[in-house]
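Just so you know, the protein sequences line up as chains A and B, in that order. Take 205 as the starting number for the first sequence in the working numbering and just add one per residue. Take 6 as the starting number for the second sequence in the working numbering and just add one per residue. Please read the structure below before turning to the comments.
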Amino acid sequence: MNPDSRTPAADHPPLVEARGLGHRYTKDRWIFRGVDVEARPGRVLGVLGPNGRGKSTLLRLLAGVARPTEGTVTAHAPVAYVPQSHASPFTYPVTDMVLMGRSRHLKAYATPGRRDRELAEAALHRVGIAHIAHRSYAELSGGEQQMTLIARALAAECRLMVLDEPVSALDLRNQARVLTLLQELAADGLGIVLTTHHPDHALHLADDAVLVLGPDDVRTGPAAALLDAEALGELYGLPVTTAQVTGPRGPRTTVVPDLGPARTGLPRPARSQETPA
Amino acid sequence: MTASAPEAPAPAGRAGEAERRAGRLPGRLRLPLLAVLTLLVALAALALGRYVVPPNEIVRLLAGQFLRVDRTWTGNEETVVLDVRLPRVLLSLLVGGGLALAGAALQGVFRNPLVSPDVIGVASGASFGGVLAMLLGIGSLGVVTGAFGFGLLALAIVMCIGRLGSGSPVLMIVLGGTVTAAFFSALVSFGKYVADPESQLPSIVFWLLGSLATATYAKVVTAAVPVLLGAAVVLALRWRLNILSLGDEDATALGVPPRLTRTVLLCAVALMTAGSVAVAGLVGWVGLVVPHLARLLTGSDHRVQLPAAFLIGGASLTAIDTLSRTLTASEMPLGILTAIIGAPFFVVLLARSRNRMWST
Chain A
205 MNPDSRTPAA DHPPLVEARG LGHRYTKDRW IFRGVDVEAR PGRVLGVLGP
255 NGRGKSTLLR LLAGVARPTE GTVTAHAPVA YVPQSHASPF TYPVTDMVLM
305 GRSRHLKAYA TPGRRDRELA EAALHRVGIA HIAHRSYAEL SGGEQQMTLI
355 ARALAAECRL MVLDEPVSAL DLRNQARVLT LLQELAADGL GIVLTTHHPD
405 HALHLADDAV LVLGPDDVRT GPAAALLDAE ALGELYGLPV TTAQVTGPRG
455 PRTTVVPDLG PARTGLPRPA RSQETPA
Chain B
6 MTASAPEAPA PAGRAGEAER RAGRLPGRLR LPLLAVLTLL VALAALALGR
56 YVVPPNEIVR LLAGQFLRVD RTWTGNEETV VLDVRLPRVL LSLLVGGGLA
106 LAGAALQGVF RNPLVSPDVI GVASGASFGG VLAMLLGIGS LGVVTGAFGF
156 GLLALAIVMC IGRLGSGSPV LMIVLGGTVT AAFFSALVSF GKYVADPESQ
206 LPSIVFWLLG SLATATYAKV VTAAVPVLLG AAVVLALRWR LNILSLGDED
256 ATALGVPPRL TRTVLLCAVA LMTAGSVAVA GLVGWVGLVV PHLARLLTGS
306 DHRVQLPAAF LIGGASLTAI DTLSRTLTAS EMPLGILTAI IGAPFFVVLL
356 ARSRNRMWST
């Protein structure tokens with residue numbers, strides 16, 4: 205965990221509590237069972253697991269977008285779900301996309317009013333994309349689309365934001381942009397839950413973690429304690445080493461998967477850098 | 006969307022520029038302009054025909070029904086305008102507007118710009134209802150009732166099919182609509198096959214080709230109730246339709262129940278379609294082409310696009326219907342003309358718009 209991590213009080217009342225959560229799509233196969241998770245204000249919860257083990261399902265249950273087969277999910281505060289960015293057949297300006305975040309607060313026949321537009325504008329400024337407000341969502345880069353969806357969730361006045369792989373489709377610079385924004389939002393007191401394929405990101409960002417190892421083996425706990433080389437190796441089924449490296453902006457822990465014999469030689473170890481996994 | 010595309014610097018596009026680039030009308034003027042245009046088309050339609058009535062006389066004549074205006078028009082003019090052309094123009098406004106609005110709403114609901122009211126099977130169901138009533142010889146009220154009832158029955162069947170299986174509900178509804186449309190088309194063919202070739206078949210064929218030639222005020226009321234009711238529902242949900250067009254997952258995340266919203270919208274669309282088919286027979290293409298034209302002028306935002314489609318639909322069907330009764334000595338069926346004009350026009354629209362209307 206970051207040395208400067210804010211570690212907000214873990215005894216804040218949870219925003220969302222899941223108890224004994226289980227889900228299955230077919231009668232004979234549980235994806236997971238007996239999961240207890242909590243999301244608290246100002247804390248980042250990272251959900252990790254290999255493809256197809258139910259990370260996204262768990263996330264959707266926590267966000268209230270899907271219903272669990274068994275167990276309960278109790279939301280004590282407004283929750284906003286940020287799906288992975290995707291192309292829509294019809295395209296809207298960024299302003300309208302963000303404005304759509306207000307829909308939960310609107311009557312079925314109503315259209316957004318002045319207060320909704322103000323909140324959408326505030327969200328655009330908070331995320332730092334006010335300068336692209338008039339551009340078409342479909343023309344944006346992946347990073348800008350993700351920022352737009354985050355602004356949309358903010359406009360919904362949520363206190364917990366649940367994001368499905370917010371950086372998986374982004375290049376390194378946009379990954380850093382989105383992760384920094386999420387850190388800032390958590391520092392402002394927003395609760396954050398996200399799935400990720402990058403253990404590095406979880407180590408960088410998360411206070412707590414959920415490891416979905418198998419149907420009956422879902423581990424939860426503080427990220428720093430949970431995300432060790434052994435657990436990550438077990439999670440992804442390949443040898444993993446963790447290493448302390450010192451980048452231009454200070455020391456950090458990084459996760460190095462053993463991908464097999466390397467095809468290219470090692471670069472000169474002039475300066476440590478994050479190794480793209 | 007490419008994952009690793011670098012963050013290109015934004016070509017600083019303000020709303021005005023974007024609109025000009027897309028050839029769109031400026032913001033607040035769009036709908037008033039379209040409304041004025043629709044009124045002008047309606048006025049022209051009242052004026053034109055074998056017996057030309059000057060537009061200023063029409064305005065005085067219409068105003069004279071409600072206000073005290075000196076009577077400068079002839080009795081013939083009054084009969085032609087009020088009894089013959091006005092119900093017909095009102096009907097074409099309602100049918101064209103209803104079909105275009107139905108198409109625009111369906112394209113949003115199914116997130117597919119190629120959908121039209123025929124796709125969900127309602128038009129086929131309604132046409133079978135009308136044919137059945139003609140076979141049974143139960144009069145024009147029977148035709149309207151039959152068309153209406155079977156249109157709604159088709160929708161119910163489609164919704165039931167949509168609930169089958171575990172696939173994407175949108176895909177299931179489109180497939181269900183295709184199946185239902187094919188089924189009712191077969192029943193229509195069977196109806197034609199067993200119809201008396203001397204007395205029944207011609208009227209069935211003519212009705213199926215689509216026509217407003219037999220317009221009466223009774224038909225106007227028959228069309229107005231379902232079309233305006235459905236239009237009110239669709240227009241009220243114009244913002245929700247924006248959200249629904251993002252997909253079920255987004256809609257759920259934004260607190261809009263996708264299934265319920267879709268069902269309400271489909272029922273409204275079925276009302277409008279069945280009402281239109283009941284009075285005018287099968288009038289194709291309006292429900293496909295006009296929503297595209299509207300989207301080209303206003304953009305995808307259903308808050309503007311839906312009313313624009315309603316106005317443009319009314320105006321264009323009125324214009325086409327006027328052509329159908331003025332081009333040739335004997336009247337040309339409306340459905341033929343909408344297809345002949347609609348198909349090439351659609352190609353032009355596609356070529357002009359490329360990716361402007363929707364993203365790929």
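Even for Gly, the Cβ is constructed at its ideal location relative to N, Cα and C. None of these values were measured; they are calculated from a predicted model.
Considering only beta carbons, no part of the segment 31 to 64 of chain B lies closer than 8 Å to chain A. Where PHE236(A) is concerned, the enclosing beta strand (DSSP E) starts and stops at 233 to 243. Closest by C-alpha distance to ALA314(B), out of TYR56(B), SER121(B), ALA256(B), is SER121(B). Distances from the alpha-carbon of ALA360(A) to those of PRO443(A), PRO465(A), ASP320(A), ARG271(A) put ASP320(A) closest. Nearest Cα to VAL220(A) within the set LEU367(A), SER289(A), GLY268(A): GLY268(A). In this structure, the CA atom of ALA427(A) is about 21 Å from the CA atom of ASP462(A). Under a 10 Å Cβ-count criterion, LYS259(A) is classified as buried, with 16 or more other Cβ atoms of the shown protein chains found around its own Cβ. With a 10 Å radius around the Cβ and a threshold of 16 neighbouring Cβ atoms, ASP255(B) comes out buried. Taking C-beta separations shorter than 7 Å and ignoring five residues to either side along the sequence, the partners of ALA357(A) in its chain run ALA284, VAL286, GLY305, MET365, following chain order. Only TYR296, ASP300, MET304, GLY305, SER307 from the segment 296 to 307 of chain A bring a Cβ to less than 7 Å from some Cβ of chain B. For PRO118(B), at least one C-beta of chain A is nearer than 8 Å to its own C-beta.
The alpha carbon of GLU438(A) has as its nearest neighbour, out of SER372(A), VAL422(A), PRO272(A), MET351(A), the alpha carbon of VAL422(A). Under the Cβ distance rule, TRP244(B) counts among the residues neighbouring chain A, one pair being separated by less than 8 Å. Within the segment 252 to 333 of chain A, the runs of beta strand (DSSP E) that reach at least 3 residues and sit entirely inside it are, in chain order, 274 to 279, 283 to 286. Burial check for LYS224(B): the Cβ neighbour count within 10 Å reaches 16 or more, so the residue is buried. Rounded to the nearest angstrom, the gap between the Cα atoms of PRO262(B) and GLN379(A) is 32 Å. Collapsing the DSSP output to three states places LEU225(A) in a strand. Close CB contacts of PHE351(B) within its chain, under the 6 Å cut and outside five residues either way in sequence, are with VAL294 (chain order). Boundaries of the alpha helix (DSSP H) around VAL41(B): 35 to 52. Straight-line spacing of the CA atoms in GLY172(B) and LEU436(A) works out to 35 Å. For SER340(A), the secondary structure class from DSSP, reduced to helix, strand or coil, is strand. Interface flag for PRO419(A) against chain B is unset, since no Cβ pair is found closer than 8 Å.
Contact with chain B is found for VAL269(A), since one of that chain's Cβ atoms lies less than 8 Å from the residue's Cβ. Cβ neighbours of GLY319(B) within its own chain (closer than 6 Å, five residues either side excluded): THR43, LEU98, GLY101, GLY102. Residue contact check for SER305(B) against chain A: a CB pair falls below 8 Å. Neighbours of LEU298(B) in chain A, taken as residues at a C-beta separation under 9 Å, are lacking, since the least C-beta distance is about 15 Å. Per DSSP, the unbroken beta strand (DSSP E) holding ILE396(A) starts and ends at 395 to 399.
With fewer than 16 other CB atoms across the displayed protein chains lying within 10 angstroms of its CB, PHE71(B) is exposed.
Relative to the Cα of VAL241(A), the nearest Cα in the group THR276(A), ARG228(A), SER372(A) belongs to THR276(A).
Judged by DSSP secondary structure, GLN379(A) falls outside any beta strand (DSSP E) and instead within the alpha helix (DSSP H) spanning 376 to 391. Given a length threshold of 4 residues, each whole run of the alpha helix (DSSP H) inside the segment 207 to 292 of chain B is given here in chain order: 222 to 241, 243 to 249, 253 to 258, 263 to 285.
Contact between the segment 153 to 160 of chain B and the segment 211 to 225 of chain B is absent, with fewer than three C-beta pairs closer than 8 Å. Rounded to whole angstroms, the gap between the alpha carbons of SER335(B) and SER190(B) is 28 Å. Collapsing the DSSP output to three states places GLY347(B) in a helix. With a 10 Å radius around the Cβ and a threshold of 16 neighbouring Cβ atoms, LEU225(A) comes out buried. Rounded to whole angstroms, the Cβ separation of MET139(B) and GLN205(B) is 6 Å, and the two are in contact under 8 Å.
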